[in-house]
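Shown next, in structure tokens, is the structure this report addresses.
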Amino acid sequence: MNEKRRPKILQILPMQTLVTVGILFVLFITLSFISKEFFTSTNLLNVTRQVATVVITGSAVTLLMISGNMDLSVGSIFALAGVLAAKFAVAGIPIPVCILLAMLIGGFCGLISGICVTKLHVTPVIATLGVMYVARGLALIFCEGRTVNLGLPANYADLGRTLIAGKIPIMLVITIVIVAIFLFIQNKTLIGKYAYAIGGNPVASVLSGINADLIILTLFILSGMLAAFSGVLMGSRLGVGDPNVGVGFEFDVIVAIVLGGTSLRGGEGSIFGMIIGALIVGFLGNGLNLLDVQSFYQDVLKGVVLVLAVIADAAFKRRIR
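Taken in order, the sequence shown gives residues 38 to 358; the numbers are from my numbering.
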């Protein structure tokens, strides 16, 4: 179809993203009718808190997956950073420094994954799977398998629990700022442009002069840093450093990204689509909780949603070719 003859909305957003937005709208309306508690300000703000960490981490992981790579270690980095930030706070280190140190450690984990992928040519799944196990093990070792809650300063929970004007969670504001930064990176910087090029055609991108290894390494570091920051946010919200949090977190992120239209093969996707995917997963989980559906049924549903999203993505691509 001629670009000028396409409806204006289709020129701004791809059809797949519009379909995802439609699914979110239908889900929202349906849950509003099924549960009286769903469409309340308290519940909706609670959902934003629940999806905030997925959206924050997903902002970096989306670009990484667009480049044709994947990071399975974000859930373990999430836990490791939460534990270490709590340990640092108990030791009397100022909270901002605790956050920075945790993010640097997360970035270092991402660096290890990136080096394995770019220099040692280990497949991203295997490289990040190894880092996932190491990070989870270190989280358990550093706190001896117990939660870190004794001796935490009174202001440790401020970052995760503070409400602006008594209504708006500061986590929501932080999420919006981070998303805005990564939307800028995606659309206005060479990192975003090169991520699409590398994921679309790795050989051609290298032949055109793109330093693919540096871009991929940078994206792995950003993925680790945002996973760590998300872990600190969750620890602050819970008021504890727990080595067992974040189990399955990596799959929540991947489901949101894939559901939002990012291809597992790379070269396609968007942070906006990831946000819509995260909201779908968040609203669906919240609605099932309100309907007293047990958590293990929700895990089954997440798996089904992921498989259906991949099948739909493949079918959509065959149709437009």
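Even for Gly, the Cβ is constructed at its ideal location relative to N, Cα and C. All figures in this text were calculated on a predicted structure; none of them were measured in a lab.
What did DSSP end up calling residue i once you bin it into helix, strand or coil?
| i | result |
| --- | --- |
| ILE205 | strand |
| GLY95 | helix |
| ASN106 | coil |
| PRO190 | coil |
| GLN331 | coil |
| LEU301 | coil |
| ILE49 | At ILE49, the pLDDT of 46 sits below 50, so the modelled position is not reliable; the number obtained from the coordinates is stated separately. In the structure shown, ILE49 sits in a helix (DSSP, three-state: H, G or I). |
| PHE179 | helix |
| VAL342 | helix |
| GLY246 | coil |
| THR77 | coil |
| VAL58 | helix |
| ALA164 | helix |
| SER72 | coil |
| VAL159 | coil |
| GLY174 | helix |
Considering residue i, what are the terminal residues of the alpha helix (DSSP H) in which it resides?
| i | result |
| --- | --- |
| ASP195 | 195 to 198 |
| GLU287 | 286 to 296 |
| CYS153 | 132 to 155 |
| ASP250 | 249 to 275 |
| ASN323 | 308 to 327 |
| GLY119 | 111 to 127 |
| GLY237 | 227 to 237 |
Quick check on this structure: which residue in the options has the alpha carbon closest to the alpha carbon of residue i?
| i | options | result |
| --- | --- | --- |
| LEU200 | ALA172, LEU82 and LEU321 | LEU82 |
| ASP250 | PHE179, LEU138, LEU148 and VAL290 | LEU148 |
| LEU220 | ILE207, PHE62 and THR99 | THR99 |
| ALA123 | LEU101, ILE291 and CYS135 | CYS135 |
| ALA116 | ILE178, GLY236, LYS156 and VAL159 | ILE178 |
| THR362 | ASN248, ALA217, ILE152 and ASP279 | The requested residue 362 does not occur in the structure, where the chain is confined to residues 38 to 358. |
| ILE103 | GLY298, VAL284 and TYR233 | TYR233 |
| ILE253 | GLY272, PHE266, LEU270 and LYS230 | LYS230 |
| LEU296 | VAL282, ILE317 and LEU109 | ILE317 |
| VAL347 | LEU187, PHE320, ARG302 and ALA264 | ARG302 |
| ILE152 | MET140, ALA139, VAL120 and GLY167 | GLY167 |
| ALA97 | SER260, PHE75, ASP289 and LYS339 | SER260 |
| VAL91 | VAL120, LYS225 and ILE215 | ILE215 |
| LEU55 | VAL84, ILE247 and GLY298 | GLY298 |
| SER150 | ASP195, LEU270, LEU321 and LEU101 | LEU101 |
| VAL277 | LEU196, GLY112 and GLU287 | LEU196 |
| ALA176 | ILE60, GLY112 and THR165 | GLY112 |
| GLY285 | SER245, LEU263 and GLN335 | GLN335 |
| GLY338 | SER307, GLY304, GLY306 and PHE288 | With the sequence shown as reference, residue 338 is identified as Leu, and Gly is not the correct amino acid for it. Closest option to LEU338, Cα to Cα, is PHE288. |
| ALA191 | GLY95, ILE132 and ILE93 | ILE132 |
| LEU61 | LEU343, LYS73 and PHE320 | PHE320 |
| ALA241 | ASN80, VAL171 and GLY304 | GLY304 |
Per DSSP, which residues does residue i bridge with? Please list them.
| i | result |
| --- | --- |
| VAL185 | GLY278 |
Mark residue i as exposed unless 16 or more other C-beta atoms lie within 10 angstroms of its C-beta, in which case mark it buried.
| i | result |
| --- | --- |
| ASN106 | buried |
| VAL162 | exposed |
| GLU181 | exposed |
| GLY188 | exposed |
| ASN323 | buried |
| ALA202 | exposed |
| SER332 | exposed |
| LEU157 | exposed |
| PHE75 | buried |
| ILE66 | exposed |
| ASP108 | buried |
| SER78 | exposed |
| GLY144 | buried |
| VAL341 | exposed |
| LEU68 | buried |
| THR226 | exposed |
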